[in-house]
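Right, one structure below, let's go through it.
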Amino acid sequence: MKIGIIGAGGIAKAHAKALSTVKGAELSGFFDVNSLASRKCAFEYGGTVFDQLQDLLNESTAVIVSSPNFCHKEHVLEAMSAGKYVLCEKPMAVSMEEAEEMKNKAAQTSYIPIMGFNYRHLTFVQRLKEMISNNELGDILSVNINFKKNSALRRKKYTWRDHSKSNKTSGALGDLGVHLIDLILYLFNSPFKLDSLKVKMMTVVKEKEQKQVYVDDHSEVYGQLENHVFVKMITSKCTKTDECGFSIEVNGQNGVFYYHSRQKNEFLLKTGLTEQMIAMPDTWLTDPENEFYGWADSFRAQLIRWMNGIEDRNFDSLATFEDGYKTQFYLSEFFNKGQQLSLSKQAN
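Now the structure itself:
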């Protein structure tokens, strides 16, 4: 299956690396407005450098949209109009209006598009999903999920991620939190209780290269799902190095599941008086320095399931555009509530 990649940044490289290990997958090439970036990717991973998006579409059965957030709608709609299968990186779009247009277009095509929520395909997430589905932890009481990085402190160059053009979707909440929102919806199969939500957003690094940063680099969300599960969700890009990492703790009446990226390939399971560390399988791919165990493999697992879905016309194991739309909706709600809190504080 010939798969093209739109975009030539870090996530595009993660997809290309994963694609190179999958039997039956062929990288047709890259398209990016920055032709130098495309050439570098093609040199490292193979494939053709395309100067026009239509040329890449003509040479591909399916495409991965990993361009900047504000380009997703344009690239997805063009690919769908060309009759291509699409995997769109998160977030789906930069606004509810864009997301709705994409969702409506998806409903009109037989080439079912999917979302790139690769964290669903992490080994420990798949195991946790099984535990919850099988009621191994009992009734779920709460989830505490955190994703803390230091990229806002490390990266001194001003990029599109710092600009207002992506409508806040490239900040800590939009970039990292969108994964966590999807995981919460995926694991617990329940919508958020909107009137329970409290959201805090802040920008610690306010300038880069003497230009204003328009996105948050720290956010906190507190609330409850409609099924009464309490939620605490923290995302950050301005955390001290020794406090960085991904973690999730799920408390049930009969047990507790806990994973922190410091544990690398193990998660903790508590049931009654018993505690056990459970090891995860070895990975196929080496994870980048600033990512956690299994991150690279999650792209590979997602790609395999996507290709199988295209062959079998069954996408049940993947995130659809309906899922992307739901996540975009809650992201928008969180932004609004975070802004309301900020305005309230200014008024006082």
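Those letters in the sequence shown? Residues 32 to 379, per the numbering used here, in order.
Glycine residues also receive a C-beta, built at the ideal position from the N, C-alpha and C atoms.
Worksheet entry | Sufficient close CB pairs (3 or more, under 8 Å) joining the segment 183-196 to the segment 108-122 | No: the two stretches stay apart, fewer than three of their Cβ pairs being nearer than 8 Å.
Item to complete: Give the straight-line distance between the Cα atoms of residue 375 and residue 270, rounded to the nearest whole angstrom.
Response: Residue confidence for residue 375 is low, a pLDDT of 45 falling below 50, so the modelled location carries little weight; the figure read from the coordinates is stated next. C-alpha separation (whole angstroms): 26 Å.
Worksheet item: What residue range is occupied by the uninterrupted beta strand (DSSP E) comprising residue 174?
Response: Note, residue 174: beta strand (DSSP E), 171-179.
Discussion item. Considering only their Cβ atoms, is the gap separating residue 354 from residue 206 smaller than 8 Å?
Written reply: No, Cβ-Cβ distance for residue 206 and residue 354 is not below 8 Å.
Item to complete: Spell out a yes or no on whether the segment 340-355 and the segment 320-330 are touching, meaning 3 or more CB-CB pairs, one atom from each, closer than 8 Å.
Response: Three or more beta-carbon pairs separated by less than 8 Å are not found between the segment 340-355 and the segment 320-330, which leaves the two stretches without contact.
Discussion item. Does residue 209 come out as helix, strand or coil in the three-state DSSP assignment?
Written reply: In the structure shown, residue 209 sits in a helix (DSSP, three-state: H, G or I).
Discussion item. Looking only at its chain, what residues have a beta carbon closer than 8 Å to the beta carbon of residue 88, apart from the 5 residues adjacent to it on each side?
Written reply: Apart from sequence neighbours up to five positions away, the residues of its chain that approach residue 88 with a beta-carbon distance below 8 Å are 35, 94, 109, 110, 113, 115, ordered along the chain.
Worksheet item: Do residue 352 and residue 137 have their CB atoms nearer than 8 Å?
Response: Here residue 352 is near residue 137, since their CB atoms are less than 8 Å apart.
Practice prompt. State the Cα-Cα distance for the pair residue 106 and residue 302, rounded to the nearest angstrom.
Written response: Roughly 47 Å between the two C-alpha positions.
Worksheet item: Where does residue 337 land, buried or exposed, given buried means 16+ other C-beta within 10 angstroms?
Response: Residue burial annotation: residue 337 is buried, with at least 16 other C-beta atoms found within 10 angstroms of its C-beta.
Worksheet item: Can a CB atom of chain B be found closer than 8 Å to the CB of residue 301?
Response: Protein chain content of the structure displayed is limited to a single chain, and chain B is not contained in it.
Practice prompt. Reducing DSSP to helix, strand and coil, say where residue 200 ends up.
Written response: Assigned with DSSP and collapsed to three states, residue 200 falls in coil, not helix or strand.
Practice prompt. Would you give the residue range spanned by the beta strand (DSSP E) that residue 307 belongs to?
Written response: DSSP places residue 307 inside the beta strand (DSSP E), whose first and last residues are 305-310.
Practice prompt. Please state whether DSSP places residue 275 in a helix, a strand or coil.
Written response: Residue state, collapsed to three classes: coil.
Item to complete: Quick one: residues in its chain with C-beta nearer than 7 Å to the C-beta of residue 170, no 5 flanking neighbours on either side, listed in chain order?
Response: For residue 170, where only same-chain residues beyond five positions count, the Cβ hits under 7 Å are 283, 284.
Practice prompt. Less than 8 Å between the CB atoms is what I'm expecting for residue 357 and residue 216, so what's the real figure, rounded?
Written response: Between residue 357 and residue 216 the beta-carbon gap is near 6 Å, inside 8 Å, which marks them as a contact.
Worksheet item: How far does the alpha helix (DSSP H) with residue 72 in it reach, from first residue to last?
Response: Unbroken alpha helix (DSSP H) run through residue 72: 66-76.
Worksheet item: Does the separation of the CB atoms of residue 219 and residue 177 fall below 8 Å?
Response: Result no, Cβ atoms of residue 219 and residue 177 do not sit closer than 8 Å.
Discussion item. Using only the alpha-carbon positions, how far apart do residue 40 and residue 161 sit?
Written reply: For residue 40 and residue 161, the distance between alpha carbons rounds to 34 Å.
Worksheet item: What's the C-alpha gap between residue 317 and residue 45?
Response: Each residue's Cα considered, the two are about 11 Å apart.
Worksheet item: How big is the Cα-Cα spacing for residue 304 and residue 348?
Response: Taken atom to atom, the span from the alpha-carbon of residue 304 to that of residue 348 is near 34 Å.
Fill in: Neighbour-count burial assignment, residue 225, 16 or more Cβ in a 10 Å radius
Around the Cβ of residue 225, a 10 Å sphere holds fewer than 16 other Cβ atoms; the residue is exposed.
Worksheet item: To the nearest angstrom, how far is it from the Cα of residue 96 to the Cα of residue 120?
Response: So the alpha carbons of these two residues sit roughly 6 Å apart.
Item to complete: Output yes or no for whether 8 Å exceeds the beta carbon distance between residue 233 and residue 249.
Response: Yes.
Worksheet item: Who are the Cβ neighbours of residue 125 in its own chain at under 6 Å, not counting the five residues just before and after it?
Response: Result list for residue 125: 100, 101, 197, 198, 200, in chain order.
Worksheet item: In chain order, what residues of the same chain have a beta carbon less than 6 Å from the beta carbon of residue 242, not counting five sequence neighbours either side?
Response: A distance below 6 Å between beta-carbons, with the five flanking residues on each side excluded, links residue 242 to the following residues of its chain, in chain order: 189.
Worksheet item: So which of 362, 156, 334 has the shortest CA-CA distance to residue 43?
Response: With distances taken between Cα atoms, residue 43 lies closest to 334.
Fill in: Distance, residue 172 Cα to residue 57 Cα
Computed Cα separation, rounded: 45 Å.
Practice prompt. Quick one: using the 10 Å Cβ neighbour count with 16 as the cut-off for buried, is residue 64 buried or exposed?
Written response: Per the 10 Å Cβ criterion, exposed.
Worksheet item: Do you know how far the Cα of residue 98 is from the Cα of residue 69?
Response: Their Cα atoms are separated by approximately 12 Å.
Discussion item. Here's the rule I'm using: 16 or more other beta-carbon atoms within 10 Å means buried, otherwise exposed. How should residue 310 be labelled?
Written reply: Note on residue 310: under 16 other CB atoms within 10 angstroms of its CB, so exposed under the neighbour-count rule.
Worksheet item: Taking the DSSP output, what are the residues bridged to residue 289?
Response: Answer is 280, 299, bridged to residue 289.
Fill in: Cutoff 6 Å; reference residue 229; Cβ partners in own chain excluding five residues on either side
Hits under 6 Å: 253.
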